[in-house]
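The sequence shown stops at residue 443 when you use this note's numbering, and every number in between is there.
We put the beta carbon where it would ideally sit given N, CA and C, even for glycine.
Scroll down for the structure; my scribbles are underneath it.
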Amino acid sequence: YFVAVYHLTNLYFRNHQEAEQFILFTGNIYSTLFWIGQVIVGGFIPLMLLFVEPFRRSRGSLLLASFLVILGGLAQLYVLIIGGQAYPMPLFPGMEILSSGFYDGQIAQYVPSLPEALLGISGFALTIVLTLVVLRVLPMLPQALIDQKQTSARHG
Numbered sequence: 288y289f290v291a292v293y294h295l296t297n298l299y300f301r302n303h304q305e306a307e308q309f310i311l312f313t314g315n316i317y318s319t320l321f322w323i324g325q326v327i328v329g330g331f332i333p334l335m336l337l338f339v340e341p342f343r344r345s346r347g348s349l350l351l352a353s354f355l356v357i358l359g360g361l362a363q364l365y366v367l368i369i370g371g372q373a374y375p376m377p378l379f380p381g382m383e384i385l386s387s388g389f390y391d392g393q394i395a396q397y398v399p400s401l402p403e404a405l406l407g408i409s410g411f412a413l414t415i416v417l418t419l420v421v422l423r424v425l426p427m428l429p430q431a432l433i434d435q436k437q438t439s440a441r442h443g
């Protein structure tokens with residue numbers, strides 16, 4: 288909902304229309320990642336896994352939906368950060384630039400290098416390790432399920 292409001296609001300303003308059309312409708316990697324990665328993989332498929340009856344009661348569906356939401360969030364970050372920087376913004380609106388060595392007006396291509404990719408992956412790994420350490424050290428998880436207490440009280 289909020290993503291739709293954000294993009295529809297940006298389409299309303301004239302000075303944002305070209306950038307929004309670049310992100311949403313040009314058929315490049317950024318619009319593909321938006322529609323397939325964020326909207327379908329990160330939005331519709333998890334909703335179906337959580338609300339459609341055959342999948343609704345499965346723990347595996349919950350785990351898969353959570354993973355797909357994270358993938359959709361990564362796609363959203365890529366589209367907003369890299370796609371926003373790849374769009375050719377005019378440096379001096381209304382002025383003609385005769386010569387520049389910065390490839391003005393061209394869509395930039397970006398592929399992360401190995402150190403950049405490893406830095407991103409290590410951030411996720413560090414988060415998982417810290418979560419596991421906190422769950423081991425602090426008593427945050429239940430010791431017994433309520434169903435187990437009730438059945439042991441009946442049979443005891």
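Residue environment, residue i, which counts as buried when at least 16 other CB atoms sit within 10 Å
i, result
"Y317", "buried"
"L422", "exposed"
"F312", "exposed"
"L419", "exposed"
"G324", "buried"
"I433", "exposed"
Alpha-carbon to alpha-carbon, residue j and residue i
i, j, result
"L413", "L406", "10 Å"
"E403", "S409", "10 Å"
"P333", "F379", "44 Å"
"I327", "Y299", "24 Å"
"A352", "F411", "18 Å"
"Q430", "L417", "21 Å"
"R301", "W322", "23 Å"
"E340", "V356", "19 Å"
"E383", "L295", "31 Å"
Presumed contact (8 Å Cβ cut-off) between residue i and residue j, rounded CB distance
i, j, result
"L358", "G329", "6 Å"
"I362", "L320", "According to the sequence shown, residue 362 is Ala rather than Ile. Going by Cβ atoms, the distance from A362 to L320 rounds to 5 Å, so yes, they are a contact pair."
Practice problem: Examine the Cβ distances between the region 366–378 and the region 390–405 and report whether three or more of them are shorter than 8 Å. | Solution: yes
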